[in-house]
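Each number in my numbering comes from the position in the sequence shown (counting from 1) with 6 added on. To start, the structure under review is shown below, and the notes come after it.
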Amino acid sequence: VDALTGKQVKSFIDSPYKNIWGLNANMNFKRWNVFGEWLTAPGVSDSHAWMASLGYGNYDIKKAHTYSVRGQYYYEEANSPIFSSAFAPAYSFYNQHYVDNKGVAHVRNGFKGFVANVNYVPFQNVSIGAYYGFGNKDMDGNKLGDYWRTDVNFMF
């Protein structure tokens, strides 16, 4: 779907996202972790996105009884080229444009908000996680609902 028009395109090559630029940084201080990322699509309006994160723990899915506790802040403008996120906030879909089953194009206007999460490894190669999103708003300042998510991951 073309981010500017909301119409179906034949392929990614036909989309306005010809160039995507991004940076990320990750720093560890013993059990503390600071992470951030930024990206944009030059030539596409409202395409900036960034995320900042602070975490604590020694999470390693290969080691039983390790954990992490993390807080993140997300800022994703309407046309930001976010196709997936390591922490998968629920409102990333606000960066997508779609045509409903009546053929009407809809344009969402991005979101900003917080996610708190905890991950724990009860057994080697098994991880459980819980995520809570709060303080979420669209770019016009309209409140979006809080949400939660859990997951279980297995490493083979």
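Cβ coordinates follow ideal geometry from the N, Cα and C atoms, glycine included.
In the DSSP assignment, E83 is bridged to no other residue.
Residues of the same chain with a CB within less than 6 angstroms of the CB of A31, apart from the 5 flanking positions on each side, are G42 in chain order. By the neighbour-count criterion, in which a residue is buried when 16 or more other Cβ atoms sit within 10 angstroms of its Cβ, R76 is buried.
For I67, the closest of M145, K143, V132 by C-alpha to C-alpha distance is V132.
In the structure shown, V50 adopts coil according to DSSP, grouped into three states. Cβ-Cβ distances below 8 angstroms link F120 to G77, Q78, Y79, Y80, G139, F140, G141, N142 in the same chain, with the five nearest sequence neighbours on each side left out; the list follows chain order. Only buried fits V50, as 16 or more other CB atoms lie within 10 angstroms of its CB. In the three-state scheme derived from DSSP, where H, G and I count as helix and E and B as strand, Y137 is classed as strand. The DSSP-derived three-state label of K149 is strand. The three-state reading of DSSP puts A70 in coil, since its state is none of H, G, I, E or B. As the crow flies, the alpha-carbon of N34 is around 12 angstroms from that of Y65.
Separation of N148 and N115 (C-alpha to C-alpha, rounded to the nearest whole angstrom) is 11 angstroms.
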